[in-house]
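Chemist: Per our numbering, the very first residue in the sequence shown carries number 4; after that it's consecutive.
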Amino acid sequence: MVIRIDAGCGLVSRLTAMGLVPGTLVAVVSASGGPMIVSVLGSRLMLGRGMAAKVFVRELGYSAG
4 MVIRIDAGCG LVSRLTAMGL VPGTLVAVVS ASGGPMIVSV LGSRLMLGRG MAAKVFVREL
64 GYSAG
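(1) Among 43, 50, 51, 52, which residue has its Cα nearest to the Cα of residue 26?
(2) Less than 6 angstroms between C-beta atoms, sequence neighbours within five positions excluded: which residues of the same chain meet that for residue 68?
(3) Mapping DSSP to helix, strand and coil, what is residue 68?
(4) Roughly how many angstroms lie between the CA atoms of residue 58 and residue 21, to the nearest whole one?
(5) Counting only the same chain and skipping the five closest in sequence on each side, list residues whose C-beta sits under 7 angstroms from that of residue 7.
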């Protein structure tokens, strides 16, 4: 879950438009080298490493069922 975004107004606006706001659930799809791919509100987003580093999240418990 996104807890905060530590960036300037321009980047915060871009991330907000993509659905990345505090309280939003996100899931990492791919984090191996290059850009990160995350799932947000049913969509997949590609974030450069610098951009992703400004998004702070809290890991929630996961149960595989």
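No residue lacks a Cβ here, since even glycine has one placed at the ideal position from N, Cα and C. Remember, it's a predicted structure, so these values are computed and weren't measured experimentally.
Modeler: So, to answer that:
(1) It is 43 whose Cα lies nearest to the Cα of residue 26.
(2) Annotation note: pLDDT 49 at residue 68 (below 50); position unreliable, coordinate value reported separately. None.
(3) At residue 68 the pLDDT is 49, less than 50, meaning the model places this residue with poor confidence; the figure from the coordinates comes in the next sentence. Residue 68 falls in the coil class under three-state DSSP.
(4) Rounded to the nearest angstrom, the two C-alpha atoms are 13 angstroms apart.
(5) Excluding positions up to five away in sequence, the list reads 25, 59.
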